[in-house]
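Each remark here refers to the structure printed beneath this line.
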Amino acid sequence: MKLTLRVWRQKNADAEGAMSTYEVDGISPDMSFLEMLDTLNEELILEGEEPVAFDHDCREGICGACSLVINGDAHGPERTTTCQLHMRSFEDGDTIDVEPWRAAAFPVVKDLVVDRSAFDRIIQAGGYITAPTGAAPEAHATPVPKPDADFAFEHAECIGCGACVAACPNGAAMLFTSAKVNHLNVLPQGAPERETRVLDMVAQMDDEGFGGCTLAGECATACPKGIPLVSITSMNKEWLRATRKAAKR
Amino acid sequence: MTTYADYTTGEPVADTKAPAGPVNERWDTRRFEAKLVNPANRRKQTVIVVGTGLAGGSAGATLAEQGYRVVQFCYQDSPRRAHSIAAQGGINAAKNYRNDGDSIHRLFYDTVKGGDFRSRESNVHRLAQISVEIIDQCVAQGVPFAREYGGLLDTRSFGGVQVSRTFYARGQTGQQLLLGAYQALSRQIAAGGIEMHPRTEMLDLIVVDGRARGIVARDLITGKIGTYFADAVVLASGGYGNVFYLSTNAMNSNATAVWRAHRRGAYFANPCFTQIHPTCIPRTGDHQSKLTLMSESLRNDGRIWVPKAKGDDRPPNKIPEDERDYYLERIYPSFGNLVPRDIASRAAKNVCDEGRGVGPGGQGVYLDFADAIKRMGREAVEAKYGNLFDMYQRITDEDPYKVPMRIYPAVHYTMGGLWVDYDLQTTIPGLFAIGEANFSDHGANRLGASALMQGLADGYFVLPATINDYLARNPHKDEVDDAHPVVQEVLAETEDRLNLLLSVDGDRTPDSFHRELGELMWEFCGMARTDSGLRKALERIPQIREEFWRRIKVPGTGEEFNQSLEKANRIVDYLELAELMCLDALHRAESCGGHFREESQTPDGEAARKDDEFGYAAAWEFTGTGEAPTLHKEDLVFEYVHPTQRSYA
Amino acid sequence: MARTVWDSTVGKKTVMAVSGLVMLLYLVVHMIGNLKIFFGTGEFNGYAHWLRTVGEPFMHYEWTLWLVRVVLVVAVVAHAVSAYQLSRRDIKARPSKYVHKKKRASYATRTMRWGGIILGLFIVWHILDLTTGTVHSGGFETGKPYQNVVDTFSTWYGNVIYIVAVLAVGMHVRHGFWSAAQTLGAGSRTRDRALKTVANVLALLLTVGFVAVPVGVMTGVVS
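The listed protein sequences correspond, in order, to chains E, V and R. Read left to right, the first sequence gives residues 1 to 249 (the working numbering). Read left to right, the second sequence gives residues 1001 to 1649 (the working numbering). Read left to right, the third sequence gives residues 2001 to 2223 (the working numbering).
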């Protein structure tokens, strides 16, 4: 396959960026999208140019490092991560636009690499259960109904890639935040911190400069792990419940 | 001319920390004998932790909970992305919830035997004891393990053991356990107990007066090289499977932290013990950048075969039954497709070497579900393996319900690593290694679902207990800072190395060298190794190294985000580590676990161990780049599990 | 609590949801009242008078109506101010656009914003036209709403403005009702279809009900 790539190039956080055009040839349909970029980078290095910087690590769709907007879609046309997207999803001769995640809370570091540390700070605000090592009771002391365990798991699947923010017209982090809130709040182990968790995490999310939710649903469409839009509804419910409880105290 | 293969044998090395006495009391005894640090004084002690995977994440969180000042590093943009996240299968624990005869002693026994009698009994027993606490800890953190309708935890049997002791969270157990550790870590970061440095890579170790006192690390965004000082340094930087270029490791997993520690005096043990996993998706071409593993549970129902005739390139469905060779069922009639990982991997290599491999390049064998679909129905197969089939289809664009899967072995885990004593301390006082970074508890072969167990045991329970002893006995009165001559020297060496990489301006990319080294290692230090092959590799590696320093091309500068520079610098270390791996494989003229020497096999072609000659862990001491290292043997004593030859025929 | 709610994006959305539902309830009542125009001058004007006497003798003349007006003004202001502040925030949170443009589902978001602005302007015109009579086209007479309505819809621009606004109401309600349910935590996987159906039905009823009046005047059914 022969392709034309238009890639966002930006030297560093302070520099101006622009799209640059590259031609790549000899692309196999079996290549992953990142392997296609590897091929481009090998050529660029030998030509004495700087290769395109992009985040990637496990290349099996679980670490959440890869983060490209491909032809306007976070992680490209298939519902998976960029590393699991293969070139057979494109046609010979296509022109492909590759851009970084765009959001005020995710500033560009270089080329296609962005800073997603805001997500870490949202987790730090309350996305945990306080259980110091050694203090744990016997695992079977608290049974968890299977539906609750499954609900928790489905939300715990979030890989923190940020596609939801990239796809959201408002740059909102509601789907990410709700995934963690729902995972922990449904479990009996998470109950003691149920209210503070949701209030603190939402407050941190706002402080990081993410936008608000208009329920456009783009986040859930882009999510490679299929976290549903209704997860935001569940978090809203938790937030209202916590606000009412806090007011009573 | 002295070659690398002319190593010398030095004084034996011994674990002086494991107490004597019955194996099941040793951990209690050690914990009692270990000195404690007064809680008020912990705040004054700094511990550096490199890596945020299961081992590093759990250690950092726990040390901070205890009141130590933790300074932690990871090369990823977030501690949540460490490669532990990719583990699929599960985590073993001797809970005996099934009442199926499991016990701490049985887990201990299985692990020692599975490790082919090349691990240390004291350590393995401790691991089995702690396994029970890990599950409690993780459940308390909210890890969503699979549950049954009664609300209790579900378990499954895994990796050929006869008890059901593997706890799991669908096919994403590693992810869920890692997020549990990451969340505990996050809590401590927010509380101020941990100073976290993401996107910062350790490039060297600072050893002052014989003790580990800090590290040199590079901020990957600004390129700034900084020094960080501490009272103890913990390496939790994972394994070195990426020496092979193609492996199931993450692209950026690397050996720099452990190799630099080795160069500064930490012994490296059993580097040749690598695990090759039989059920990976084969490569599709030269562009392949990494390999993807599929859970070996697939072998429970899939049948493995290749065509009987060489070069038979008919599509699989066109090959009649009597022209297929179900070679595992033929060679190992009683275990069939369920033989251990190393045996299944080697058998696949053998049939492919005979020219009977399938798929592009003939590097693959069929894993066929046609019989299973006929027997159980498509729906049952889908319920059991649906997610794996989907993953396979996404990567290969082939429908495994209709066409047999193609699989091929791939490098997956490294049992070798920095030599540590019972306290997980390396031969450099104050330097600890945990998780896959140490040579640990798996001997020559790791059992399925044991890597997660070991990482968390080390991080949550072992290290936080044993590091106290070191810190209590070695209160540092003298401060170290950048002005110290040793620090100056380490800094200068690091800067020189990076500057040299940038200045060569040759005509080959970092990846081209990595790929070349990987192919060489796969060929000569992969699934089956020979004396002559290893000698060939040992001759070739210094040549590649020499060419590397002549022809490498790294664009850009060191004062910016520069992924080529990161890559090239990691390859520098692979090029040295690879040599040690080959030497270790050459010197160990026996077959055991993941290490198969063609010269040492039983008449029916199975691995033959030589316990009298090689019943030791090989700890290597660095003497200089390209110089023959010194071998220190740690004799392994088996008081409880007596060595026997494995048999699966 | 008020502080937490107002300072949070989730809280402000709650304010929007609650005020929106208040206005929606009002619209339904308003729409039903409007339909009385089809039963003749007497019934319509009588209904208008009744609105001012509701609650008597407990309430004085027009007290109830003013109470409703106050609630409505609070709702409109709260809705508009939260919407404005949230929109400002949303635009700031996504400062650089993608070079590769796509048709997106942000369609809903954009129609909500534009629809909201259209409705805001319409309310001002609507009050000046039919409540105060300031910009009324014919000779506005207090207490004779039937004639006033007929006058308004006898001009082409009166019809255009009104019908555009009614369509905006329909679209706004269609996304807004479902959205409010999500914001208030009332949505769920199983309830989603039902909520969307209710939203669609409400939107359709309101549109048809409101549009019926100008259409009635234009076709001469009402004159």
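All C-beta atoms in this analysis are idealised placements derived from N, C-alpha and C, irrespective of residue type, glycine included. What you are looking at is a predicted structure, and each value in this text was computed from that prediction instead of being measured.
Query                                                                                                                 : Result
Closest by C-alpha distance to K1582 (chain V), when choosing among V:C1272, V:E1398 and V:G1238                      : Residue identity differs from the one stated: residue 1582 (chain V) is Cys in this sequence, not Lys. Nearest C-alpha to C1582 (chain V): V:C1272.
C-beta atoms of T1274 (chain V) and V1420 (chain V) nearer than 8 Å                                                   : no
Where M2112 (chain R) falls: helix, strand or coil (DSSP)                                                             : helix
Spatial distance of L34 (chain E) from C66 (chain E) (CA atoms)                                                       : 9 Å
Distance CB(S231 (chain E))-CB(S178 (chain E)) smaller than 8 Å                                                       : yes
8 Å Cβ cutoff, M1415 (chain V) in contact with chain E                                                                : no
Where Q1288 (chain V) falls: helix, strand or coil (DSSP)                                                             : coil
Q124 (chain E): contacting residues in chain V (beta-carbon distance under 8 Å)                                       : S1186, R1187, I1189 and A1190
Min CB distance I227 (chain E) to chain V below 8 Å                                                                   : no
Chain E within 8 Å of Y988 (chain V), Cβ atoms only                                                                   : Here chain V has residues from 1001 to 1649 only, and residue 988 (chain V) is not among them.
Chain-ordered chain R contacts of D97 (chain E) [CB-CB under 7 Å]                                                     : V2099 and H2100
Nearest candidate by alpha-carbon position, reference E1489 (chain V), set V:C1592, V:A1014, V:L1220 and V:T1227      : V:T1227
Residue range of the alpha helix (DSSP H) that includes C1138 (chain V)                                               : E1121 to A1140
Neighbour flag for D2090 (chain R) against chain E, beta carbons, 8 Å                                                 : yes
Ranges of the alpha helix (DSSP H) found wholly within the segment 11-83 of chain E, counting only runs of at least 4 : 33-46
Interface partners of L2184 (chain R) on chain E, CB under 9 Å                                                        : T233, N236, K237 and L240
Of the residues V:A1128, V:A1014 and V:I1134, the one placed nearest A1055 (chain V), counting alpha carbons only     : V:I1134
Exposure of W1620 (chain V), with buried meaning 16 or more beta-carbon neighbours within 10 Å                        : buried
Listed by chain order, chain R residues near R9 (chain E) by CB distance under 7 Å                                    : Neighbours of R9 (chain E) on chain R: none; closest Cβ ~12 Å, over 7 Å.
M1001 (chain V) at chain E interface by Cβ criterion, 8 Å                                                             : In this predicted model, M1001 (chain V) has a pLDDT of only 45, less than 50, meaning its place in the structure is not dependable; the value taken from the coordinates is given anyway. With 8 Å as the cut-off, M1001 (chain V) does not count as an interface residue toward chain E.
Residue-chain proximity (V181 (chain E), chain R), Cβ-Cβ < 8 Å                                                        : no
M1001 (chain V) in three-state terms, based on DSSP                                                                   : Since pLDDT at M1001 (chain V) reaches only 45, below the 50 mark, its modelled position is unreliable, and the value read off the structure follows with that caveat. Looking at M1001 (chain V) - three-state DSSP - the assignment turns out to be coil, as it is neither helix nor strand.
Cα-Cα separation between S1345 (chain V) and D1478 (chain V), rounded to whole angstroms                              : 53 Å
Cβ neighbours of L40 (chain E) in the same chain (closer than 7 Å, five flanking residues each side left out)         : L5, Y22, V24 and V52
Rounded separation between A1169 (chain V) and S1131 (chain V) - CA only                                              : 17 Å
Burial state of Y1240 (chain V) (16 or more Cβ within 10 Å)                                                           : buried
Whether R1147 (chain V) touches D1136 (chain V) by CB criterion (8 Å)                                                 : no
Per-residue DSSP class, three states only, for I232 (chain E)                                                         : helix
Exposed unless 16 or more other CB atoms sit within 10 angstroms - verdict on M1001 (chain V)                         : Annotation note: pLDDT 45 at M1001 (chain V) (below 50); position unreliable, coordinate value reported separately. It is exposed - the Cβ of M1001 (chain V) has fewer than 16 other Cβ atoms within 10 Å.
Collapsed DSSP secondary structure at M1202 (chain V) in the structure displayed                                      : strand
Neighbour flag for K146 (chain E) against chain V, beta carbons, 8 Å                                                  : yes
As assigned by DSSP and simplified to three states, the class of R1508 (chain V)                                      : strand
CB contact check: A2093 (chain R) to chain E, cutoff 8 Å                                                              : yes
Simplified DSSP state of V2222 (chain R), which is helix, strand or coil                                              : coil
Identity of the residue in R:G2116, R:I2117, R:G2115 and R:T2142 nearest L2128 (chain R) by Cα                        : R:T2142
Beta-carbon proximity of L958 (chain V) to G1159 (chain V), cut-off 8 Å                                               : Look at the range of chain V in this structure, 1001 to 1649, and you will see that residue 958 (chain V) is not part of it.
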